[in-house]
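Everything below concerns the one structure shown next.
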Amino acid sequence: MEKYEPLIFHGSCENSIKREIKDQSLDLSFLDPPFNQDKYYHNHSDNMKTNEYWTWMKSICEMIYQKTKDGGVIYFMQREKNTEEVLRILRETNWVFQNLIIWKKMTSAVPQKYRYGKHYQIIAFFSKGERPKTFHKIRYDAPLEPHMKIKRDNGLFCTDVWTDIRELTSGYFAGHEALREEKSNKRLHKQQSPIALLLRILLSSTKPNDLILDPFAGTGTTNIVAKQLRRRSIGIEKSEKNIKIIRKRISEKKVSDNILKYRQYYRFTENLDDIWPISIPFI
Ligand SMILES: C[S@@+](CC[C@H](N)C(=O)[O-])C[C@H]1O[C@@H](n2cnc3c(N)ncnc32)[C@H](O)[C@@H]1O
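In this note's numbering, each residue's number is its place in the sequence shown (first place is 1) plus 473.
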């Protein structure tokens, strides 16, 4: 099998992590679990008792810690209202805080009656040990903001507030990247993450050949990006329907999944050729 072909496991991540992953082998894990907000999932109840849900999340963070190399990292995405719980369980499982990333999703916020409309999601970035062993200071060609007078010659460095990545909403803006049923054109998975989000995370925190885990793989976005960046990756997904979607997506090599369209955007990053070896055609 090709070295960067993702390893995809069907089943619960609680079991597969224990069984399939060696201790101290992971460089990065990205967690985008169901958020326990009563959304529909095949094979999963998204309406657990709150304390059961967080006990479950904590046990997964604990298992991943054991499977991660010293200096390896975890990125845990959640709703902003769960920030306290996410930070607590990561600390209690010995991970060390690096950043709380605010992902402002470029979609419209829904106005609320007695508080501000919600406009972002959080991504908690923690490491095993005091410092991550890998961190690339990426620079990108961000659009000029109204308060900036002059366009920077060498772009902007990436901070902990991400405003330039659009969520794949269910409406018009979901675009071609959102996977859809052929006949009905309905979204195949409403929580599909944008490839631009995983590209940023993997570029910042991994090197070619590193090993990446996505225990809630969904449509396999993490694996699709990892493969193109020449990182090894493992995806675990409980729903058989999604497993089929992942396998098809990997073999199809869709134009909308090709990360090369972002290459120019990151051209100001000093060691770009080392951290993003170009593979043509799209592997
Ligand atoms: C929010 S979605 C992840 C979406 C993903 N980031 C993507 O880009 O497609 C969470 C996924 O976790 C899966 N899931 C739920 N419980 C699971 C478990 N115990 N083990 C593995 N996967 C699970 C669901 O079927 C769902 O596809």
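Ideal placement from N, C-alpha and C gives every residue a C-beta, glycine not left out.
Subject >> Cβ-based neighbour list, Ser-532, same chain, cut-off 8 Å, excluding 5 preceding and 5 following >> reply: As a first step, residue 532 must be located in the sequence shown, where it is residue number 59. Glu-487.
Original post:
Who pairs with His-609 in a beta bridge, going by DSSP?
Top reply: Taking the first residue of the sequence shown as position 1, residue 609 is located at position 136. Per DSSP, His-609 has no beta-bridge partner at all.
Original post:
So is Met-621 buried or exposed if we call it buried at 16+ other beta carbons inside 10 Å?
Top reply: Counting from one through the sequence shown, the residue named residue 621 turns up at place 148. So Met-621 counts as exposed.
Subject >> Buried/exposed call for Val-698, threshold 16 Cβ in 10 Å >> reply: Counting from one through the sequence shown, the residue named residue 698 turns up at place 225. Classification of Val-698: buried, given that the 10 Å Cβ count is 16 or more.
**OP:** With distances taken Cα to Cα, identify the nearest neighbour of Phe-608 among Cys-631, Glu-640 and Glu-493.
**Re:** The residue labelled residue 608 in the question sits at position 135 within the sequence shown. Among Cys-631, Glu-640 and Glu-493, the Cα nearest to that of Phe-608 is on Cys-631.
Original post:
Between the C-alpha atoms of Asn-567 and Cys-534, what's the straight-line distance to the nearest angstrom?
Top reply: Here residue 567 refers to the residue found at position 94 when the sequence shown is read from its first residue. Here residue 534 refers to the residue found at position 61 when the sequence shown is read from its first residue. C-alpha of Asn-567 to C-alpha of Cys-534: approximately 9 Å in a straight line.
Original post:
Taking buried to mean at least 16 other C-beta atoms within 10 Å of its own C-beta, is Ala-582 buried or exposed?
Top reply: Residue numbering aside, residue 582 sits at position 109 when the sequence shown is read from its first letter. Exposed: under 16 other Cβ atoms inside 10 Å.
**OP:** Examine the Cβ distances between the segment 491-507 and the segment 544-559 and report whether three or more of them are shorter than 8 Å.
**Re:** Output reads yes: the segment 544-559 touches the segment 491-507.
Original post:
What whole-angstrom Cβ distance do His-759 and Asn-715 have, given they're in contact under 8 Å?
Top reply: Past the boundaries of the shown model lies residue 759; the chain is included only from 474 to 756, so the question cannot be answered.
Original post:
To which residues does DSSP link Glu-421 through a beta bridge?
Top reply: Nothing about residue 421 can be reported from this structure: the residues present for the chain run from 474 to 756 only.
Original post:
Any heavy atom of ligand 1 closer than 6 Å to the Cβ of Asp-505?
Top reply: Along the sequence shown, one-based indexing puts residue 505 at 32. Yes, the beta carbon of Asp-505 sits closer than 6 Å to at least one heavy atom of ligand 1.
**OP:** Using alpha carbons as the reference points, say which of Pro-750, Asp-633 and Arg-736 lies closest to Phe-570.
**Re:** As a working mapping, residue 570 is identified with position 97 in the sequence shown. When only C-alpha atoms are compared, the closest one is Asp-633.
Original post:
Is there at least one non-hydrogen atom of ligand 1 closer than 6 Å to the beta-carbon of Phe-689?
Top reply: By 1-based counting over the sequence shown, the position of residue 689 is 216. True, at least one ligand heavy atom lies under 6 Å from that Cβ.
Original post:
Closest to Thr-742 by CA distance: which of Asp-626, Arg-561 and Glu-655 is it?
Top reply: Reading the sequence shown from its first residue, position 269 is the one you call residue 742. For Thr-742, the nearest C-alpha among the options comes from Asp-626.
Original post:
Which residue's Cα is closest to the Cα of Arg-673: Ile-732, Phe-689, Ala-690 and Glu-713?
Top reply: Position 200 of the sequence shown, counted from the first residue, corresponds to residue 673. For the options Ile-732, Phe-689, Ala-690 and Glu-713, the alpha carbon positioned closest to that of Arg-673 is the one of Ile-732.
Original post:
Just to confirm, does Thr-580 get its C-beta within under 6 Å of one of the non-hydrogen atoms of ligand 1?
Top reply: To locate residue 580, count along the sequence shown from 1; it is residue 107. Because no heavy atom of ligand 1 lies under 6 Å away, the Cβ of Thr-580 does not count as near it: no.
**OP:** Measure the alpha-carbon distance for Ile-623 versus Gln-594 and round it to whole angstroms.
**Re:** As a first step, residue 623 is located in the sequence shown; it is residue number 150 there, counting from the start. As a first step, residue 594 is located in the sequence shown; it is residue number 121 there, counting from the start. As the crow flies, the alpha-carbon of Ile-623 is around 30 Å from that of Gln-594.
Original post:
Taking just the CA atoms, how far does Phe-508 sit from Glu-526?
Top reply: Counting from 1 along the sequence shown, the entry for residue 526 is found at position 53. Counting from 1 along the sequence shown, the entry for residue 508 is found at position 35. For the sequence presented, residue 526 should be read as Tyr rather than Glu. Roughly 9 Å between the two C-alpha positions.
Original post:
Who pairs with Ala-690 in a beta bridge, going by DSSP?
Top reply: Within the sequence shown, residue 690 is the residue found at index 217, counting from 1. Looking at the DSSP output, Ala-690 bridges to nothing.
Original post:
What whole-angstrom Cβ distance do Lys-601 and Asp-543 have, given they're in contact under 8 Å?
Top reply: By 1-based counting over the sequence shown, the position of residue 601 is 128. By 1-based counting over the sequence shown, the position of residue 543 is 70. Indeed they touch by this definition, with Cβ atoms about 6 Å apart.
**OP:** Go ahead and label Asp-687 buried or exposed: buried means 16 or more other beta carbons lie within 10 angstroms of its beta carbon, across all protein chains shown.
**Re:** As a working note, residue 687 is residue 214 in the sequence shown. By the 10 Å Cβ count, Asp-687 comes out buried.
Original post:
If we ignore side chains and look at the alpha-carbon of each, how far apart do Leu-745 and Asp-614 end up?
Top reply: Translated into the one-based positions of the sequence shown, residue 745 becomes position 272. Translated into the one-based positions of the sequence shown, residue 614 becomes position 141. Whole-angstrom Cα-Cα distance: 13 Å.
Original post:
Taking just the CA atoms, how far does Gln-539 sit from Met-530?
Top reply: Mapped onto the sequence shown, residue 530 falls at position 57. Mapped onto the sequence shown, residue 539 falls at position 66. Answer to the nearest angstrom: the Cα atoms are 15 Å apart.
Original post:
To which residues of the same chain is Thr-580 closer than 6 Å at the C-beta, ignoring the five residues directly before and after it?
Top reply: Translated into positions along the sequence shown, residue 580 becomes position 107. Around Thr-580: Glu-640 and Thr-642.
Original post:
Which term fits Lys-711, buried or exposed, when burial requires 16 or more other beta carbons within 10 angstroms of its beta carbon?
Top reply: By one-based count along the sequence shown, residue 711 stands at place 238. Classification for Lys-711: buried.
Subject >> Residue range of the unbroken beta strand (DSSP E) whose run includes Ala-597 >> reply: Residue 597 sits at position 124 when you count from the first residue of the sequence shown. Where Ala-597 is concerned, the enclosing beta strand (DSSP E) stretches over 593-600.
**OP:** Select from Tyr-738, Glu-553 and Ile-718 the residue whose C-alpha is nearest the C-alpha of Glu-655.
**Re:** Counting from one through the sequence shown, the residue named residue 655 turns up at place 182. The alpha carbon of Glu-655 has as its nearest neighbour, out of Tyr-738, Glu-553 and Ile-718, the alpha carbon of Ile-718.
Subject >> Residue interval of the alpha helix (DSSP H) (run including Ser-678) >> reply: In the sequence shown, residue 678 corresponds to position 205, counting from 1. Start and end: 668-678.
**OP:** With a threshold of 6 Å, establish whether the CB of His-483 neighbours any heavy atom of ligand 1.
**Re:** Position 10 of the sequence shown, counted from the first residue, corresponds to residue 483. No, the beta carbon of His-483 sits no closer than 6 Å to any heavy atom of ligand 1.
Subject >> Contact check, Pro-681 vs Pro-750, beta carbons under 7 Å >> reply: Within the sequence shown, numbered from 1, the residue matching residue 681 stands at position 208. Within the sequence shown, numbered from 1, the residue matching residue 750 stands at position 277. Cβ atoms of Pro-681 and Pro-750: closer than 7 Å.
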